[in-house]
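Residue numbers (our numbering): 109 to 473. Built from N, CA and C at the ideal position, the CB exists for glycine as well. What follows is a set of notes on a single structure, which appears directly below.
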Ligand SMILES: C[S@@+](CC[C@H](N)C(=O)[O-])C[C@H]1O[C@@H](n2cnc3c(N)ncnc32)[C@H](O)[C@@H]1O
């Protein structure tokens, strides 16, 4: 049963998950879809020691940072966090968040690269469904509810059209018949076609960055940073298809990832979170006689806790750490005594949401 406990709120700042933070009641309260300066009443949806999570019920005082969201689903959908404020303000929140996380690591000013558009960019969208409940939409991880989003703006045009088709022609219920009663469906663009998989692992067709144009922007910054070096040996960890390093000036390269199919030469399939991973990668490097002077890594949200072990093996002069979770990135970089951050980039791969890509260039001291 839904909690009915109501609390007054006044938002004093944003947190790193794009939620407004209020200290008006007995506990610190986190409220999505609010902004600093907003005040009103919120309904508590969950509580833990010292903190509570709430949903805004009424707005008595509106933040001067507020605008009308372009998406009709913004209030009910859990996926976008910042469409109620201008994009420039969204970037300010993101930069403040990254600055705060990096406060203990010496670094030059963060260079922010805005997205080239705020909506219509994702080449991959995952929806959840509930056949008996006749619901399809975005899953709210907090209460497991599904918010219908027939006019979602986040996907590229072909994906947005497919989503509309799913709802307005009710094709999703027909397509999902024969599937388990609850599950997920993924829509992704491949070779100018929208492909649909039901209940397959995320990114079944192989991981690709979701915002293609911003991926090119990130890669060009990376290429520029290393452009003056003569051809170098390179290790690319969590490499996927080699996206980040394929255009770099390498004389020899090893890409490591968990490949579903047997990868070709220069690609090595290894679970990098396995306790023997470091030794397996080292053995592979020895077989190839690879001595990387550049290491690129782009882990999933969990980061790479034993990064230092990988770096101390070959002591590369240059390291590029790309991450979609700055918390784990900061945790990993903090362990490195022999490297300093020489450039720090916030590249907005995920506009409208609290997520962004961080790229740190590190040099051996
Ligand atoms: C953020 S993606 C980066 C991929 C690639 N660098 C790119 O730009 O397309 C993270 C990659 O980590 C890989 N990965 C996830 N868990 C892994 C694990 N335990 N061991 C090795 N690779 C893993 C995924 O397959 C995915 O390709």
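Count the other C-beta atoms from every protein chain shown that fall within 10 angstroms of the C-beta of residue 328, then say buried if there are 16 or more, exposed otherwise.
By the 10 Å Cβ count, residue 328 comes out exposed.
Could you check which residue in 186, 446, 366, 141 has the C-alpha nearest to that of residue 167?
Comparing Cα positions, the closest option is 141.
Looking at the structure shown, is residue 222 part of a helix, part of a strand, or coil, going by DSSP?
Here residue 222 sits in coil by DSSP.
Skipping 5 residues on each side, what residues in its chain have a beta carbon closer than 6 Å to that of residue 197?
Cβ neighbours of residue 197 beyond the five flanking positions: 173.
On the DSSP letters alone, give me the boundaries of the alpha helix (DSSP H) that residue 197 sits inside.
From DSSP, the alpha helix (DSSP H) with residue 197 extends over 195 to 209.
Between residue 347 and residue 409, what straight-line distance do the alpha-carbon atoms span, to the nearest angstrom?
Near 14 Å, if we compare the C-alpha coordinates of residue 409 and residue 347.
Pull up the distance between the alpha-carbon of residue 225 and that of residue 202, whole angstroms please.
Distance between the alpha carbons of residue 225 and residue 202 is about 16 Å.
Among 171, 353, 222, the one whose alpha carbon lies nearest that of residue 195
The option with the nearest alpha carbon to residue 195 is 222.
Look at the alpha carbon of residue 373 and the alpha carbon of residue 320, and state the distance between them as a whole number of angstroms.
Near 26 Å, if we compare the C-alpha coordinates of residue 320 and residue 373.
What are the boundary residues of the beta strand (DSSP E) that residue 279 is part of?
Element bounds for residue 279: not the beta strand (DSSP E) but the alpha helix (DSSP H), 279 to 284.
Does the contact criterion of 3 or more C-beta pairs under 8 Å hold for the segment 206 to 217 versus the segment 145 to 158?
Cβ pair count under 8 Å is below three, so no.
On the criterion of 16 or more Cβ atoms from any shown chain inside 10 Å, does residue 189 qualify as buried, or is it exposed?
By the neighbour-count rule (16 or more Cβ atoms within 10 Å), residue 189 is buried.
Which residues bound the alpha helix (DSSP H) around residue 419?
Secondary structure note for residue 419: its alpha helix (DSSP H) is the uninterrupted segment 415 to 422.
When the distance is taken between beta carbons, is residue 186 closer than 8 Å to residue 114?
In this structure, residue 114 lies away from residue 186, with their beta-carbon atoms at least 8 Å apart.
Residue 412 and residue 392 - do their beta-carbons sit closer together than 8 Å?
Residue 392 is not a Cβ neighbour of residue 412, given a cutoff of 8 Å.
Taking 8 Å as the CB-CB cut-off, is residue 206 touching chain D?
In summary, chain D is missing from the structure at hand, where a single protein chain is found.
Please report the residue range of the alpha helix (DSSP H) in which residue 116 lies.
Where residue 116 is concerned, there is no enclosing alpha helix (DSSP H), although the beta strand (DSSP E) around it starts and stops at 114 to 122.
Does the Cβ of residue 400 lie closer than 7 Å to at least one heavy atom of ligand 1?
Not one heavy atom of ligand 1 falls within 7 Å of the beta-carbon of residue 400.
How would you call residue 231, buried or exposed, if buried means at least 16 neighbouring beta carbons within 10 angstroms?
Label assigned to residue 231: buried.
In DSSP terms, what residue 236 is bridged to
In the DSSP assignment, residue 236 forms a beta bridge with 245, 292.
What's the gap between the Cα of residue 156 and the Cα of residue 182?
Distance between the alpha carbons of residue 156 and residue 182: 26 Å.
Tell me where the alpha helix (DSSP H) around residue 273 begins and ends.
That run of the alpha helix (DSSP H) goes 265 to 276.
Is residue 467 near ligand 1, judged by its Cβ being under 7 Å from some heavy atom?
No, since every heavy atom of ligand 1 falls outside the 7 Å radius drawn around the Cβ of residue 467.
On the three-state DSSP scale, how would you describe residue 163?
In this structure, residue 163 counts as strand in the three-state DSSP scheme.
If you drop the 5 nearest sequence neighbours on each side, which residues of the same chain put their C-beta closer than 8 Å to that of residue 366?
Within the same chain, residue 366 has close Cβ partners 377, 378, 379, 380.
Using only CA atoms, which one of 401, 257, 389, 215 lies nearest to residue 438?
Closest option to residue 438, judged by alpha-carbon separation, among 401, 257, 389, 215: 215.
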